[in-house]
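Student:
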Amino acid sequence: MTFIGVREAADRLAITPRRVHQRIEDGTLPAVRIGNQWAIDPARLPLAAARPSRPLSPRMAWALLDLLAGGSPAVASTERARLHAYAERLRASDDPAALLRAWMARRADRQEFRVAAADLADLRDDERVHLSGVSAEGSFIVSATLEAYVATSALADLVDDYFLVPAERQEGNVVLHVVDVVPDTTAWPVLAADLAEHLGSRESARAAELVGRAS
Numbered sequence: 001m002t003f004i005g006v007r008e009a010a011d012r013l014a015i016t017p018r019r020v021h022q023r024i025e026d027g028t029l030p031a032v033r034i035g036n037q038w039a040i041d042p043a044r045l046p047l048a049a050a051r052p053s054r055p056l057s058p059r060m061a062w063a064l065l066d067l068l069a070g071g072s073p074a075v076a077s078t079e080r081a082r083l084h085a086y087a088e089r090l091r092a093s094d095d096p097a098a099l100l101r102a103w104m105a106r107r108a109d110r111q112e113f114r115v116a117a118a119d120l121a122d123l124r125d126d127e128r129v130h131l132s133g134v135s136a137e138g139s140f141i142v143s144a145t146l147e148a149y150v151a152t153s154a155l156a157d158l159v160d161d162y163f164l165v166p167a168e169r170q171e172g173n174v175v176l177h178v179v180d181v182v183p184d185t186t187a188w189p190v191l192a193a194d195l196a197e198h199l200g201s202r203e204s205a206r207a208a209e210l211v212g213r214a215s
């Protein structure tokens, strides 16, 4: 049997190595310890065989989300043609969440933290935090996790102000998508991309519903 490591598993699943470690620890991704490394049977990767495409560059990922929302992204004519092809493929897909998960993997620096439960409400109301994904009103998903976008320039102060602790080997209750320019988090394509990234059936179904309604 041929095993793969955490980094390759993360690449195949279009998630971060940190999330692979979390899934190993919560039992949703079977793995064996060899020395000081985790070894994973690629046949056990729930999404490996279904990964439909490579991640887009951050610039093209945001351009596609802009196009899907009805915008006119400032890209070259050849790139615009590619974006329209991606959009058509998404609308015709039987699993649009998987496509979004793959294409949007590099759109932001996804970081997970833990914050004290007493501070969660204040963090949610902080003007530097732009609710998204499972925390957005349009998700219709009840989650104990706070998910939001935050500007790169605001991250360090936010971490200090709320004593955010990186959730490397334990379950986090804060997911921050760190970007240079915060997008319109109320736009349905951004919400769909965020939900698809969660890998859960409810989130994937809601992402697919958003794509279907816009088609």
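Those letters in the sequence shown? Residues 1 to 215, per my numbering, in order.
Even glycine gets a Cβ: it sits at the ideal position worked out from N, Cα and C.
Helix or strand or just coil, what does DSSP make of I24?
Tutor: Counted from its first residue, the sequence shown places residue 24 at position 24. Looking at I24 - three-state DSSP - the assignment turns out to be helix.
Student: Does the pairing of the region 184 to 193 with the region 158 to 165 give three or more beta-carbon distances under 8 Å?
Tutor: Touching, no, given that fewer than three Cβ pairs across the two stretches are closer than 8 Å.
Student: In chain order, which alpha helix (DSSP H) runs of at least 4 residues are fully inside the region 118 to 192?
Tutor: Fully enclosed alpha helix (DSSP H) runs of 4 or longer: 152 to 162.
Student: In three-state DSSP terms, what is A39?
Tutor: Within the sequence shown, the letter at position 39 stands for residue 39. In the structure shown, A39 sits in a strand (DSSP, three-state: E or B).
Student: Are A63 and P73 closer than 7 Å when you measure CB to CB?
Tutor: Here residue 63 refers to the residue found at position 63 when the sequence shown is read from its first residue. Here residue 73 refers to the residue found at position 73 when the sequence shown is read from its first residue. In contact: A63 and P73 (Cβ atoms closer than 7 Å).
Student: Can you check whether the CB of A207 is closer than 7 Å to the CB of L195?
Tutor: Looking up residue 195 in the sequence shown gives position 195. Looking up residue 207 in the sequence shown gives position 207. Cβ distance < 7 Å, so L195 and A207 count as in contact.
Student: By Cβ distance, which residues of its chain are closer than 6 Å to P96, with the 5 residues on each side in sequence left out?
Tutor: On the sequence shown, position 96 is the one that residue 96 refers to. L90, A208, V211, listed in sequence order.
Student: Report yes or no: do the region 119 to 131 and the region 74 to 82 share at least 3 C-beta pairs separated by less than 8 Å?
Tutor: Taking 8 Å as the limit for Cβ pairs, the verdict is that the region 74 to 82 does not touch the region 119 to 131.
Student: According to the neighbour-count rule (16 or more other Cβ atoms, all chains shown, within 10 Å of its Cβ), is A49 buried or exposed?
Tutor: If you number the sequence shown from 1, residue 49 lands on position 49. For A49, the pLDDT reaches just 42, beneath the cut-off of 50, and the residue's location in the model is therefore unreliable, leaving the point undetermined.
Student: Run through the DSSP bridge pairs and tell me what I15 is partnered with.
Tutor: To locate residue 15, count along the sequence shown from 1; it is residue 15. According to DSSP, which records beta bridges pairwise, I15 is partnered with nothing at all.
Student: In the DSSP assignment, what residue or residues form a beta bridge with R114?
Tutor: Working through the sequence shown from its first residue, we reach residue 114 at position 114. Its beta-bridge partners are V165.
Student: Can you give me the Cβ contacts of E203 inside the same chain, cut-off strictly under 6 Å, excluding the 5 residues immediately before and after it?
Tutor: By 1-based counting over the sequence shown, the position of residue 203 is 203. Correct list, in chain order: L195.
Student: In this structure, does DSSP put R106 in helix, strand or coil?
Tutor: To locate residue 106, count along the sequence shown from 1; it is residue 106. Correct three-state label for R106: coil.
Student: Beta carbon of L45, beta carbon of Q111: below 7 Å?
Tutor: By 1-based counting over the sequence shown, the position of residue 45 is 45. By 1-based counting over the sequence shown, the position of residue 111 is 111. Against a cut-off of 7 Å, the Cβ pair of Q111 and L45 comes out as no contact.
Student: Considering V32, what are the terminal residues of the alpha helix (DSSP H) in which it resides?
Tutor: On the sequence shown, position 32 is the one that residue 32 refers to. Counting along the chain, V32 falls outside any alpha helix (DSSP H), though it belongs to the beta strand (DSSP E) covering 32 to 34.
Student: Whole-angstrom Cβ separation of V181 and A108, contact assumed at under 8 Å?
Tutor: Taking the first residue of the sequence shown as position 1, residue 181 is located at position 181. Taking the first residue of the sequence shown as position 1, residue 108 is located at position 108. Wrong, their Cβ atoms sit about 10 Å apart, outside the cutoff.
Student: Which word fits E171, buried or exposed, when buried means at least 16 other C-beta atoms lie within 10 angstroms of its C-beta?
Tutor: Translated into the one-based positions of the sequence shown, residue 171 becomes position 171. Looking at its Cβ environment, which holds fewer than 16 other Cβ atoms inside 10 Å, E171 is exposed.
Student: For A193, collect the residues of the same chain with a Cβ closer than 6 Å to its Cβ; drop the 5 residues on either side in sequence, then sort them by chain order.
Tutor: Within the sequence shown, the letter at position 193 stands for residue 193. The answer, listed in chain order, is L100, M104.
Student: Count the other C-beta atoms from every protein chain shown that fall within 10 angstroms of the C-beta of R19, then say buried if there are 16 or more, exposed otherwise.
Tutor: The count along the sequence shown starts at 1 and reaches residue 19 at position 19. Buried, because 16 or more other Cβ atoms sit within 10 Å of the Cβ of R19.
Student: Cα-Cα, which of N173, A148, T16, S215 is closest to P183?
Tutor: Here residue 183 corresponds to residue number 183 of the sequence shown, with the count starting at 1. With distances taken between Cα atoms, P183 lies closest to A148.
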